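Quick notes on the structure that follows.
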Amino acid sequence: MGSTNSTLLKIPNVEVLMQETGFSPAHIIRLHDRFKALDKEGRGYLCPQDFGAIKELAMNPIGDRIIGAFFSPGKETVDFHTFVKILAHFRPVDKDRPKEPNSLEPINSRSNKLKFAFQLYDQDKDGKISRDELLKVLRAMLGMQVTEEQLESIADRTIQEADLDRDDAISFEEFRKSLEKVNIDHKMSIRFLR
Amino acid sequence: MASSVYLCLLRAVFLVCFVNPLIQALDANVLQNPHHELEENLTGLPIVTFKWHHVQTPYLVIIWVFVAGLAKLSVIELNHHVTGVIPESGLLIILGFILGGIVWGADKAQTFKLLPPTFFYYLLPQIILDASYFMPNKLFFSNLGAILIYAIFGTCWNAATVGLSLWGCYEAGAMGNLDIGLLQFLLFGSLIAAVDPVAVIAVFEEVHVNEVLFILVFGESLLNDGVTVVLYNVFDAFVALGGPKIDAAEIIKGIFSFVVVAFGGSFLGILFAILLSLLTRCTKHIQIIEAGFVFVVGYLAYLTAEMLSLSAILSITFCGICCQKYVNANMDEKSVTTVRHAMKVLANGSETMIFVFLGVTAIDTEIWVWNTGFILLTLLFVFIYRIIGVFLLTWMLNKFRLVPIEVIDQVVMSYGGLRGAVAYGLAAMLDEDKIPEKNLIISTTLIVVYFTVILQGITMKPLVQWLKVKRASHSDLKLIEKLNNRAFDHMLAAVEDICGRIGDNWWTRGWNRFEENYISWFLMKPKARKNRDYLFTVFHKLNLEDAVNYVSEGERQGSLAFIRSDEAANVDFKKQFGSEFTDVMPDIMVDMSNYELGIENFTVTSIVKDTIPSVSLDIHGQDRKNAVDDIRAHHLLQQHLYRSRKHHRHKYSRSHFSINQSEDEVQEIFQRTMRNRLESFKSAKMGVNPAKKITKHHKKELTHKMPNGHPDDTGHLYGDKVDSAMGSETGTISGTFMRDTYTVGAGIENPVFLPDMDSPTHSSLPWLMETEAVAPSQRAQRRLPWTPNRLRRLAPMRISTCSTDSFLMADLEEHEEQPQTDHEEIRPVFD
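Top to bottom, those sequences are chains W and Z. Just so you know, UniProt numbering puts 4 at position 4 of the first sequence, and the rest follows in order with no gaps. Just so you know, UniProt numbering puts 518 at position 518 of the second sequence, and the rest follows in order with no gaps.
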C-alpha cells in the first residue's frame with residue numbers, strides 16, 4: 001500500500017482528478033504508469049508523436065482522430081490530467097454509485113460519451129457534421145474496394161436518416177436522436193476502466 | 001421452383017424415415033384383419049387390392065405427423081384468445097392429452113409413445129440444428145462466458161443440489177419406502193437439471209425479452225443439454241457400477257470423461273462445420289442439392305458424435321454455429337433460402353410432434369406411479385435451486401460483466417427454467433433393472449415438464465409485463481447506427497491501445513483479423529469473400545436499391561448522389577443525361593437550370609424526371625409538387641427498403657423469420673392494403689375512371705404540399721408522408737382507404753411495415769417486388785415521354801416494371817394539363 005500512496009502523491013491534484021473522473025486510485029496509478037510509459041522522454045506531457053508510436057493505433061482507421069481528440073485545438077501537448085479525463089469517457093456507467101445532486105454531469109454520462117463520438121466526426125468544431133466531414137470518416141473506415149460514388153451515396157443516406165432540419169448536416173441534437181436506440185453505455189465503455 | 005421441390009423431397013424423406021420406432025408398440029393384430037379378410041375372398045385376378053399391411057408403418061407415421069400438424073393448425077388458428085394466454089407449447093401438450101385420451105379410449109392401452117430413440121435420433125437433431133444454425137453469432141459469442149458458466153456450473157449445481165436434497169428428504173422419511181439410493185437420486189437430479197431448448201424457445205419466442213436475456217437463457221438451454229446428457233451418462237455408469245465400487249479414481253475418471261465428452265463433441269462439431277464449409281465451396285455445379293448437405297452433414301455430426309459416445313447435441317450445435325457464416329456465403333442465394341425454409345419446416349414440425357407426444361404419453365396408466373412427497377419435493381427443489389443457482393452465478397458474473405445482468409432479468413432467467421422433452425427422453429431411457437423406480441422417475445419428470453411448460457409458460461408473459469422487463473427493441477439499425485457502431489468498435493480498440501491493456505476488444509479484433517485472413521480464405525469461395533465484408537453488404541443493398549429505383553423511375557442512372565443538388569452531381573448528371581436529351585429537346589436543359597436556381601429542396605433527378613416528359617410550361621407548377629413527392633417517395637423507398645432487409649438479424653425464431661410478432665394485426669392490415677393496392681391498380685389498368693383518378697391525385701398533392709410548410713412535420717417521417725407518398729404513387733381509387741391504413745401504421749414507426757415488406761427475405765420478395773415495381777410505374781407513366789423516339793427508349797423499362805398500362809397515357813395527358821382549380825374546395829376536407 002505504501003507504494004500506492006507514494007505514486008498517488010506524486011500526481012498533483014489527484015483528489016480532484018478522482019472526483020472528476022470517478023476513477024479509483026488503482027485506475028489512476030495504472031493510467032499513470034501507462035502515461036509514463038508513453039512519455040518516453042519523461043517530459044510530463046505527451047505529443048501526438050507519442051501516441052503515434054503505439055503500433056496498433058497506426059492500424060486503426062480512425063486512430064488519428066482519436067489521437068486528435070486528446071489535444072484541444074491549437075495545443076500540441078496533453079498532460080496527465082487531460083489524458084485521464086479523456087479516458088474517463090470510456091468508463092462504464094455505474095448505477096450504484098450515489099449521485100450527488102449538486103455535482104456536475106459525470107464525464108462518462110451518455111451525452112458526454114456521445115459528444116466525444118460526435119467530435120470525432122466534427123473536425124472543424126462547428127457543431128455540425130457536414131457531408132464532407134462524414135465522407136472523410138467514411139473514407140477512412142471503408143477501405144479501398146469502395147468507389148467514391150458509393151461512398152457518397154452512403155454519406156447521403158446517412159445524412160438523410162439523421163437530418164431532421166434538412167440542412168444537409170448532422171447537428172449534435174440530430175446525432176443524439178439518431179442514436180437514441182443504441183446502447184451507448186454499452187458500446188462506449190471499456191470493462192477494465194470500471 | 002427447384003428449391004421448393006427439394007424442400008418437399010426433404011420433407012418426405014424426413015417423414016418417412018422418422019417415426020418407425022414410434023410404431024413398435026402398435027398392436028398389429030387389430031390392424032391386420034381387414035387385409036386377411038380381403039385376401040380370402042379373392043378367387044381370380046385382383047384388380048384392386050387393399051394392402052394396408054404394406055404401408056402400415058409409414059402410413060401411421062404420416063397420419064401422426066398430419067394429426068400433429070392439424071393440432072398445431074387448430075391451436076394457432078382456432079382461438080386467438082387462448083393462444084394469447086397459454087403458450088403454443090402448452091396448448092399442444094393439452095391437445096396431446098386429448099389425443100392420447102382418444103387413443104386410450106379406443107385401445108385401452110397407450111399404443112403410441114414418444115420413445116427415446118425416436119426422440120433423440122429423429123426429432124431432436126433438426127431442432128438443435130435449427131437453433132444453432134440461426135444463432136445470432138455475435139451475440140452468442142460475446143456472451144459466451146456467461147452462457148458457459150450457466151450451462152456448465154448451473155447445470156451441475158442444479159443436478160447436485162436437487163439430487164442431494166431429494167436424497168436428504170428421502171433419508172428423513174419424506175417419501176415413504178422407495179427402492180432408491182443416493183446415486184439414483186443424483187442420476188435423477190442430472191436428468192432433471194437441464195433447461196430444455198425446445199420449451200424455452202417455444203415460450204420465449206412469444207415473449208419478446210431483450211436479446212441479451214434471450215441469448216443467455218437460450219444459449220444456456222442449448223449447451224446445457226449437452227452437459228446434462230454427459231452428466232446423465234456419468235451417473236448412469238456409476239449406477240451400473242454400483243455404489244461400493246466407486247472410488248476416487250472412478251470419480252476422477254468421471255470428471256475427465258465429462259470434459260472429454262463435452263469438448264470432444266464440440267470439437268467434432270467444429271470439424272464437421274469445416275467439412276461442410278469446404279464442401280459448399282465446390283458445389284457450384286450441383287446447386288440443386290447443395291442445400292441438402294447442410295442437413296446431411298449436420299445429422300452426420302450428430303450421429304458420429306453419438307457413435308463416439310461424445311456429446312451429440314454439442315456436436316450439432318457447434319456444427320451449426322460455426323458453419324452458418326461460410327455456408328451462407330458459399331451457397332447460392334436460392335439454396336440459402338431453401339435451407340432456411342427446410343430447417344424451419346423440420347424444426348417446427350418436430351417441435352410440434354414432441355409437444356403433442358409429450359401430451360399423448362401422459363395418458364397411460366402403466367407409467368403413473370404417484371408419490372406425493374417425491375413429486376412435490378422435486379417440483380419445489382427444481383424451482384428453488386434454479387433461482388438460487390441463477391442468482392448466485394449472476395452475482396459472480398456481474399463482477400466481470402461490462403453490462404451487469406439486472407435483477408429483473410435474473411428473475412426471468414430463473415423463472416424461465418423450463419424442463420422439456422430431453423429430460424423425459426433421458427428418463428425413458430433408464431434401465432429398469434438398475435433403477436427399480438423408473439416409472440416414478442418418469443412420472444415425476446413428466447409432471448415437472450407439464451408444470452414448467454404449461455404453468456410457467458402461461459405466467460411468463462404476465463410476469464415479463466409486470467416486471468417491465470426490457471423488451472427486444474424492434475429497432476433495426478439505421479445506416480448511421482451501423483456506421484457509428486463500427487466507429488465505436490474502432491474507438492474502443494484505440495482507447496484500449498492507448499491504455500495499454502489487452503481487453504475484450506483486443507481479442508475480438510485479433511480474432512476478426514485472423515478469421516478474415518486465414519479462416520475465410522480457407523473456407524470461403526473467393527467470390528463470396530469479396531461480398532462478405534460487413535460494409536460491402538451495405539453497398540450491395542444500395543446498389544440493389546438503386547436498381548429498383550432505376551427501374552421504377554424509368555430513368556435513373558448512377559447512384560443516389562444525384563439526389564443531392566450539389567454542383568458536382570449536376571455536372572455529372574448533365575453529362576449522363578444531357579447528351580441523351582439535348583438533341584431531342586434542348587429547351588429542357590434550360591428549364592432544368594431554372595429550376596435549380598429557383599426551387600429549394602429540389603433534387604436534380606426529380607426535376608429531370610418531371611421535366612423530361614413535360615415539355616409544356618403549363619404544368620410546371622404541378623411538377624414542382626411532384627418533385628417534392630418524389631423526394632419523399634424516394635426517401636420512403638430508401639428507408640424501408642434498406643431497413644427491411646436489415647430487419648431479421650435475429651433468426652433464432654423457429655416459426656417466423658422476422659421477429660416482429662406482436663404487430664400481427666398491423667401486418668395483416670398492411671398486407672390487406674397491399675393487396676388492395678394491387679387490385680385497385682389492376683382495375684386501373686382496365687381503364688376504369690381515369691378522370692376520377694386524376695382528381696384524387698390533385699387532392700393528394702395538395703395534402704402533402706401542406707406538411708411541407710411546417711418545419712415540424714419533417715420530424716415524423718411515417719405520418720402523412722408515408723400515405724401521401726405511397727398514395728400518390730398508386731394514385732388510385734382506393735386513395736382514401738389507403739390513407740387510413742397508413743396512418744394506422746404511422747404511430748408505430750417503421751416496424752409496422754418493415755417486417756412484412758421483407759419478412760422472409762426471399763420468400764415474400766416476389767410480392768415485394770411486385771408492389772414496388774408496379775406502384776411507381778403508375779406514377780412514372782404520368783411522365784412517360786410521348787414522342788415516339790423517347791417511347792422507344794423507355795419501352796424496355798416499362799415492360800420490366802410490369803406497367804403495361806400505356807393506354808392510360810392519353811387520358812393522363814389531358815388531365816395533367818388541366819388547371820388546378822379545384823384545390824381550394826378540397827383543402828378543408830384534408831385539414
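By construction, the Cβ of each residue, glycine as well, lies at the ideal position given by its N, Cα and C atoms. The structure displayed is predicted, hence computed values, not measured ones.
Does residue i pass the burial test, meaning 16 or more other C-beta atoms within 10 Å, or should it be called exposed?
i, result
"Gly457 (chain Z)", "buried"
"Trp167 (chain Z)", "buried"
"Ser24 (chain W)", "exposed"
"Thr147 (chain W)", "exposed"
"Tyr121 (chain Z)", "buried"
"Cys322 (chain Z)", "buried"
"His81 (chain Z)", "exposed"
"Glu515 (chain Z)", "exposed"
"Arg419 (chain Z)", "buried"
"His640 (chain Z)", "In this prediction, His640 (chain Z) has a pLDDT of 37, which is less than 50 and means its spatial position is unreliable; what the coordinates show is noted afterwards. With 16 or more Cβ atoms within 10 Å of its Cβ, His640 (chain Z) is classed as buried."
"Thr603 (chain Z)", "The predicted position of Thr603 (chain Z) is uncertain, since its pLDDT is 37 and thus under 50; a value taken from the coordinates is nonetheless stated next. Answer is buried; the Cβ neighbour count reaches 16."
"Cys282 (chain Z)", "exposed"
"Leu466 (chain Z)", "Note on identity: in this sequence residue 466 (chain Z) is Trp, with Leu being the wrong assignment. Exposed is the call here."
"Tyr170 (chain Z)", "buried"
"Leu151 (chain W)", "buried"
Which residue comes first and which comes last in the beta strand (DSSP E) that contains residue i?
i, result
"Lys72 (chain Z)", "It is not in any beta strand (DSSP E) - Lys72 (chain Z) instead sits in the alpha helix (DSSP H) that spans 52-77."
Under the DSSP definition of a beta bridge, which residues are partnered with residue i?
i, result
"Ile129 (chain W)", "W:Ile170"
"Asp79 (chain W)", "W:Tyr45"
"Val48 (chain Z)", "Val48 (chain Z) is not bridged to any residue."
Only counting the same chain, and skipping five residues up and downstream in sequence, which positions put a Cβ closer than 6 Å to that of residue i?
i, result
"Leu191 (chain Z)", "Tyr232, Ala423, Leu426, Ala427"
"Met460 (chain Z)", "Val203, Val207"
"Glu306 (chain Z)", "Ala312"
"Phe175 (chain W)", "Phe118"
Could you pull out every residue in the same chain whose Cβ sits closer than 7 Å to the Cβ of residue i, ignoring the five residues on either side in sequence?
i, result
"residue 832 (chain Z)", "Residue 832 (chain Z) is absent from the structure shown; chain Z starts at 1 and stops at 831."
"Glu814 (chain Z)", "Reliability fails at Glu814 (chain Z), whose pLDDT of 41 lies under 50, so the model's placement of it is uncertain and the value that follows must be treated cautiously. If we look at Glu814 (chain Z) and ignore the five residues flanking it on each side, it has no Cβ neighbours."
"Phe153 (chain Z)", "Leu393"
"Asp122 (chain W)", "Lys128, Ile129, Glu133"
"Gly63 (chain W)", "Leu57"
Tell me which residues share the same chain as residue i and place their Cβ nearer than 8 Å to its Cβ, disregarding the 5 neighbours each side in the sequence.
i, result
"Phe218 (chain Z)", "Ala131, Pro197, Val200, Ile201, Phe204, Tyr652"
"Ala71 (chain Z)", "Leu92, Leu95, Gly96, Leu99, Thr352, Val356"
"Leu597 (chain Z)", "Low local confidence applies: a pLDDT of 37 at Leu597 (chain Z) is under 50, so the model's placement there is unreliable, with the coordinate-based value given in what follows. Here the set comprises nothing."
"Arg110 (chain W)", "Val93, Ile184, Asp185"
"Phe400 (chain Z)", "Gly145"
At what residues does the alpha helix (DSSP H) containing residue i begin and finish?
i, result
"residue 259 (chain W)", "No statement about residue 259 (chain W) is possible, as the shown extent of chain W runs from 1 to 194 and does not include it."
"Lys344 (chain Z)", "333-362"
"Val162 (chain Z)", "155-171"
"Tyr518 (chain Z)", "No alpha helix (DSSP H) holds Tyr518 (chain Z); DSSP gives it neither H nor E."
"Trp395 (chain Z)", "372-398"
"residue 207 (chain W)", "This structure cannot speak to residue 207 (chain W), because chain W is shown only from 1 to 194."
"Asn330 (chain Z)", "312-330"
"Arg110 (chain W)", "110-121"
"Asn439 (chain Z)", "438-450"
Please look up how many angstroms separate the CB atoms of residue i and residue j, rounded, as I've assumed it's under 8 Å.
i, j, result
"Ile128 (chain Z)", "Leu222 (chain Z)", "7 Å"
"Phe381 (chain Z)", "Val162 (chain Z)", "5 Å"
"Gly389 (chain Z)", "Trp157 (chain Z)", "5 Å"
"Asn484 (chain Z)", "Ala53 (chain W)", "About 28 Å; that fails the 8 Å criterion."
"Ser443 (chain Z)", "Val360 (chain Z)", "Contact flag wrong, Cβ pair sits at about 15 Å."
"Asn371 (chain Z)", "Leu440 (chain Z)", "6 Å"
"Glu412 (chain Z)", "Val448 (chain Z)", "At residue 412 (chain Z) the sequence reads Val, which differs from the Glu that was named. Not a contact, Cβ separation roughly 19 Å."
"Ala159 (chain Z)", "Gly181 (chain Z)", "No, Ala159 (chain Z) and Gly181 (chain Z) are not in contact; Cβ-Cβ is about 16 Å, not under 8 Å."
"Tyr302 (chain Z)", "Ile286 (chain Z)", "Not really, about 23 Å apart at Cβ, beyond 8 Å."
"Val78 (chain W)", "Leu120 (chain W)", "Actually they are not in contact, since the Cβ atoms of Val78 (chain W) and Leu120 (chain W) sit about 16 Å apart, beyond 8 Å."
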